[in-house]
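So the protein lines, in turn, are chains A and B. For what it's worth, numbering that gives the first Met the number 0 labels the leading residue of the first sequence as 0, then goes sequentially. For what it's worth, numbering that gives the first Met the number 0 labels the leading residue of the second sequence as 0, then goes sequentially. Notes follow the structure.
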Amino acid sequence: MKNLDLIKLPFSKENPILVQVLGVCSCLAVTAQLKPAVVMALSVTVVVVLANVIISLLRNTIPPRIRIIVQLVVVSTLVVLVDQVLKAYVYDVSKQLSVFVGLIITNCIVMGRLEAFAMVQKPWASFLDGLGNGLGYSVILIALGFVRELFGSGTLWGYPVMEKLGLYGIGYENNGLMIMPPMALILVGLIIWWHRSRNKDLCEK
Amino acid sequence: MEYINIFIKSIFVDNMIFAFFLGMCSYLAVSKTVKTSAGLGIAVTFVLLITVPINYLLNKFFLAPGALAWLSPSLAEVDLSFLSLIMFIAVIAAIVQMVEMVVEKFSPALYNSLGIFLPLIAVNCAVMSGSLFMQERGYANIGEATVFALGSGIGWFLAIVAIAAIREKLRYSHIPPALRGVGITFIITGLMGLAFMSFMGFKL
Numbered sequence: 000m001k002n003l004d005l006i007k008l009p010f011s012k013e014n015p016i017l018v019q020v021l022g023v024c025s026c027l028a029v030t031a032q033l034k035p036a037v038v039m040a041l042s043v044t045v046v047v048v049l050a051n052v053i054i055s056l057l058r059n060t061i062p063p064r065i066r067i068i069v070q071l072v073v074v075s076t077l078v079v080l081v082d083q084v085l086k087a088y089v090y091d092v093s094k095q096l097s098v099f100v101g102l103i104i105t106n107c108i109v110m111g112r113l114e115a116f117a118m119v120q121k122p123w124a125s126f127l128d129g130l131g132n133g134l135g136y137s138v139i140l141i142a143l144g145f146v147r148e149l150f151g152s153g154t155l156w157g158y159p160v161m162e163k164l165g166l167y168g169i170g171y172e173n174n175g176l177m178i179m180p181p182m183a184l185i186l187v188g189l190i191i192w193w194h195r196s197r198n199k200d201l202c203e204k
Numbered sequence: 000m001e002y003i004n005i006f007i008k009s010i011f012v013d014n015m016i017f018a019f020f021l022g023m024c025s026y027l028a029v030s031k032t033v034k035t036s037a038g039l040g041i042a043v044t045f046v047l048l049i050t051v052p053i054n055y056l057l058n059k060f061f062l063a064p065g066a067l068a069w070l071s072p073s074l075a076e077v078d079l080s081f082l083s084l085i086m087f088i089a090v091i092a093a094i095v096q097m098v099e100m101v102v103e104k105f106s107p108a109l110y111n112s113l114g115i116f117l118p119l120i121a122v123n124c125a126v127m128s129g130s131l132f133m134q135e136r137g138y139a140n141i142g143e144a145t146v147f148a149l150g151s152g153i154g155w156f157l158a159i160v161a162i163a164a165i166r167e168k169l170r171y172s173h174i175p176p177a178l179r180g181v182g183i184t185f186i187i188t189g190l191m192g193l194a195f196m197s198f199m200g201f202k203l
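Dropping the structure here:
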């Protein structure tokens, strides 16, 4: 596979959320607002890139029987680092994300890429693969955060967009359903619908 | 009374799937037939029931701020809570490995039908978050933590069995081709989540 494909494919044809259906848990719970969604997207991208490179460097020394434990140790070390950095620099977001930062350890994207790619590929290819998948995940997360915050609370990154546009004056109301957790699922379902009608070969029988 | 409250609350109000979307990966991948999903649900409940109390003790006596005071008074200032993620996942991975060996020995049929998802319980978000929620909500004693674990497991079990039953029926419906499979499952889960939200604020 060409290096460019490693970055490009995860955006659409092999998107971790839409096609591989991995890492869904965290993507739904943190997207009620844009800011936590962006922070979460960045954290996952950093972890998946670094974990991919480290495991790829170690791949010839890991005994196959205990590989899951080795992978978990590497990933959880990285997540502890990310957690501490978030607590130090963006404490309010870190409180908002609560357990979901810790849950990056069990994020299926990270484990899936390690198992499927980093265990058998060279470090540079693994780096690109991690970056591509991290960004593919980020795109969905940020899109969800954008839509849910804009229509749910009428703000973007805390800035009252709808109020400044004067929409409340002409009878506009925020859609309370948008910030409720189930709406995230329905939105992802709709995105999948749209994505698959454009890529017919992905449809299930 | 407190126990019943925690139990009911963790099954319905704070349902792992419908309120927090945890354990979605295996929830979406294994929910094609009721039988397999019931097996996975039981396995997850069992792992939760073992790991949460162990992690509770670990948290109480080693990780929480000042928890080491029972060793010697000079350690009362030590705060090891930054280690909790690594410790929790290590305990969970070890327990899952043991459960896998037990299931393989005593029920090869279940072992084969669960396939790759048995070892993957180690990385099931629902199991890990059981321990993390336990730590964050600060349950008063090990009894409460155990009841919480049992309730969360049963909640997860109910959710996956319910969606599997619906998906078995869905095979006979006319769904737009692009929405078949994952897409419609997401939307149905969302609708079930809305229904479960009516439990919010429920108290015994």
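Just so you know, even glycine gets a beta-carbon here, dropped at the ideal spot from N, CA and C.
| Is residue 158(A) helix, strand or coil by DSSP? | strand
| Listing by chain order, which chain B residues have their CB less than 9 Å from the CB of residue 188(A)? | 178, 181, 182, 183, 184, 185, 186, 187, 188 and 189
| query | Who are the neighbours of residue 123(B) on chain A, taking C-beta pairs under 8 Å? | reply | 105
| From which residue to which residue does the alpha helix (DSSP H) around residue 103(B) run? | 83-105
| query | Is the region 25-43 of chain A touching the region 90-98 of chain A in the sense that three or more CB pairs, one from each, lie closer than 8 Å? | reply | yes
| said: On a Cα-Cα basis, can you pick out the residue from 12(B), 7(B) and 65(B) that is closest to residue 193(B)? | reply: 12(B)
| Within the region 5-80 of chain A, ranges of the alpha helix (DSSP H) (whole runs, at least 4 residues) | 23-28 and 33-57
| said: As a quick exercise: from 124(A), 121(A), 81(A) and 90(A), pick the residue whose alpha carbon is nearest that of residue 103(A). | reply: 81(A)
| So does the region 122-132 of chain B actually touch the region 183-195 of chain A, counting three or more Cβ pairs closer than 8 Å? | no
| request: Please report the residue range of the alpha helix (DSSP H) in which residue 188(B) lies. | output: 181-195
| message | Strictly under 8 Å for the Cβ-Cβ distance: is residue 135(B) near chain A by that measure? | response | yes
| field | Member of 22(B), 178(B), 176(B) and 170(B) whose CA lies at the smallest distance from the CA of residue 32(B) | value | 170(B)
| request: Could you tell me the boundaries of the alpha helix (DSSP H) in which residue 142(B) lies? | output: 141-169
| What residues in the region 23-34 of chain A bring their beta carbon closer than 9 Å to a beta carbon of chain B? | 23, 24, 25, 26, 27 and 28
| Top-ranked residue by Cα proximity to residue 51(B), from 140(B), 168(B) and 18(B) | 140(B)
| said: Quick check: what's the CA-CA separation for residue 57(A) versus residue 162(B)? | reply: 40 Å
| Can you list the residues of chain A that residue 23(B) reaches, using a CB-CB cut of under 8 Å? | 23, 24 and 27
| Going straight from the alpha carbon of residue 134(B) to that of residue 73(B), what length do you get? | 24 Å
| message | Quick check: residue 131(B) and residue 22(A), are their CB atoms within less than 8 Å of each other? | response | no
| Could you give the C-beta distance for residue 79(A) and residue 81(B), rounded to a whole number, given that I count them as a contact under 8 Å? | 6 Å
| How would you call residue 167(A), buried or exposed, if buried means at least 16 neighbouring beta carbons within 10 angstroms? | exposed
| task | Could you confirm whether any beta carbon from chain D is found closer than 8 Å to the beta carbon of residue 55(A)? | result | Any reference to chain D falls outside this structure, whose protein chains are A and B.
| query | Does DSSP put residue 15(B) in a helix, in a strand, or in coil? | reply | coil
| Of all Cβ atoms in chain B, is any one closer than 8 Å to the Cβ of residue 151(A)? | no
| From residue 111(A) to residue 133(A), what does the alpha carbon distance come to, in whole angstroms? | 12 Å
| Cβ contact (3+ pairs, closer than 8 Å) linking the region 22-42 of chain B and the region 7-26 of chain A | yes
| task | From the DSSP output, in three-state form, read off residue 33(B) for me. | result | helix
| message | Less than 8 Å between the C-beta atoms of residue 35(B) and residue 43(B), yes or no? | response | no
| Three-state class that DSSP yields for residue 170(A) in the structure shown | coil
| said: Less than 8 Å between CB atoms is the rule here; does residue 39(A) satisfy it with respect to chain B? | reply: no
| request: Find the residues of chain B that neighbour residue 192(A), judging by a C-beta separation of less than 8 Å, and give them in chain order. | output: 175, 177, 178 and 182
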